[in-house]
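Quick notes on the structure that follows.
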Amino acid sequence: MTTKTASKAAFTAPTLEFMRELVQNNNREWFQANRARYDAAKTELCAVVERVLAGLSEFEPLANTAVKDCIFRINRDVRFSKDKAPYKSNLAFAVGPGGRHSGRIDYYVHIQPDNQSFLGAGMWQPTPANLAKFRQEVDYNAQELKDIIEADSFKAYFPEIHGETLKVMPKGYPADHPEIDLLRRKELFFLHRYTDKEVLKPNFADEIVRGSRIIKPYCDLLNYLFYDEKEEPVTL
1 MTTKTASKAA FTAPTLEFMR ELVQNNNREW FQANRARYDA AKTELCAVVE
51 RVLAGLSEFE PLANTAVKDC IFRINRDVRF SKDKAPYKSN LAFAVGPGGR
101 HSGRIDYYVH IQPDNQSFLG AGMWQPTPAN LAKFRQEVDY NAQELKDIIE
151 ADSFKAYFPE IHGETLKVMP KGYPADHPEI DLLRRKELFF LHRYTDKEVL
201 KPNFADEIVR GSRIIKPYCD LLNYLFYDEK EEPVTL
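Here my numbering is used: position 103 in the sequence shown is 103, and no number is missing along the way.
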């Protein structure tokens, strides 16, 4: 990344204002009339993603991961939705090996005005098989997970926990299990919210990298459980 590109890797107030107005004018006619404003916003988004990629590459294997592979389209898929608004109210990208479709636990960044921007990562809508692996790990060795998510530095940066929780214990586990709260989790996703003022700072991309570094051990643990764990050899 060139110094010139890096120096411009920031969002500006007109980008947030465009997104704010889009919510009130979510139709193709208005969007096309304001296409130049969207293009300017996307240019800023690409520059921020490029800088984030450079920072994350220091501790993540992101070779051959392009900016375009990380960015989500602003167009909504309305085929099966009652809400037919054609555009999303946010700009977003996710960083993992190969981009947003890495198939692994990655870092998700959501940019939305009025202090609704955030960095998030963790277990979200896992497959039944992966949820079973998570619960098995909690049952056998909850301490490793707890050492990560209960660390003071982690809780300070990621105070919000999102995701669905069972009202009863999952099948196969006793109701008096010492890790009942974790075992009831169907999702365990953490958020750090950013104010508009923070989003507009020149070093915002670097702040995303800092937050990603904090949550990396949790992502690494999930990726190991879900995708990297080797099966025991079969003895005939």
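Where a beta carbon is used, it is the ideal one built from N, C-alpha and C, also for glycine.
What does DSSP give as the partner residue(s) for residue i in the beta ladder?
i: Thr-165; result: Arg-185
i: Phe-93; result: Ile-71 and Val-109
i: Glu-160; result: Leu-191
i: Leu-238; result: The question about residue 238 has no answer here: the residues shown for the chain are numbered 1 through 236.
i: Tyr-87; result: Asn-75
Under three-state DSSP, which class holds residue i?
i: Ser-57; result: coil
i: Gly-211; result: helix
i: Leu-45; result: helix
i: Ala-63; result: coil
i: Leu-200; result: coil
i: Tyr-173; result: coil
i: Asp-289; result: One cannot answer for residue 289 here, as it falls past the ends of the chain, which runs 1 to 236.
i: Gln-32; result: helix
i: Asp-228; result: helix
i: Ala-13; result: helix
i: Phe-80; result: coil
i: Gln-125; result: coil
i: Ile-149; result: helix
i: Arg-240; result: The structure shown does not extend to residue 240, since the chain is modelled only from 1 through 236, so no value can be given for it.
i: Pro-178; result: coil
i: Asn-27; result: coil
For the putative contact between residue i and residue j, defined by C-beta atoms under 8 Å, what is the C-beta separation to the nearest angstrom?
i: Tyr-107; j: Ala-121; result: 5 Å
i: Phe-18; j: Ala-41; result: 5 Å
i: Pro-217; j: Ile-105; result: 11 Å between Cβ atoms; not a contact.
i: Gly-99; j: Thr-43; result: With a Cβ gap of about 18 Å, Gly-99 and Thr-43 do not count as contacting.
i: Gly-163; j: Glu-187; result: 3 Å
Roughly how many angstroms separate the alpha carbons of residue i and residue j, rounded to a whole number?
i: Ala-132; j: Phe-226; result: 10 Å
i: Gly-172; j: Lys-146; result: 22 Å
i: Pro-86; j: Gln-32; result: 12 Å
i: Val-78; j: Asn-141; result: 42 Å
i: Lys-306; j: Gln-143; result: Any question about residue 306 goes unanswered here, given that the chain covers just 1 to 236.
i: Leu-222; j: Glu-60; result: 15 Å
i: Asn-130; j: Met-123; result: 9 Å
i: Val-138; j: Thr-12; result: 43 Å
i: Thr-5; j: Thr-127; result: Only weak support exists for where Thr-5 lies, its pLDDT of 42 falling under 50; the value from the coordinates is given anyway. Using only the alpha carbons, I get a separation of about 39 Å.
i: Asp-152; j: Ile-214; result: 11 Å
i: Ser-102; j: Leu-56; result: 15 Å
i: Asn-27; j: Val-95; result: 29 Å
i: Phe-204; j: Ala-10; result: 7 Å
i: Glu-29; j: Met-169; result: 50 Å
Note to self: Within 8 Å, do at least three Cβ pairs link the segment 110-118 to the segment 167-179?
What the structure shows: By the Cβ rule, the segment 167-179 does not count as touching the segment 110-118, because fewer than three pairs are nearer than 8 Å.
Next item on the list: Could you tell me whether the segment 147-160 touches the segment 180-198, where touching means 3 or more Cβ pairs closer than 8 Å?
Entry: The segment 147-160 vs the segment 180-198: in contact.
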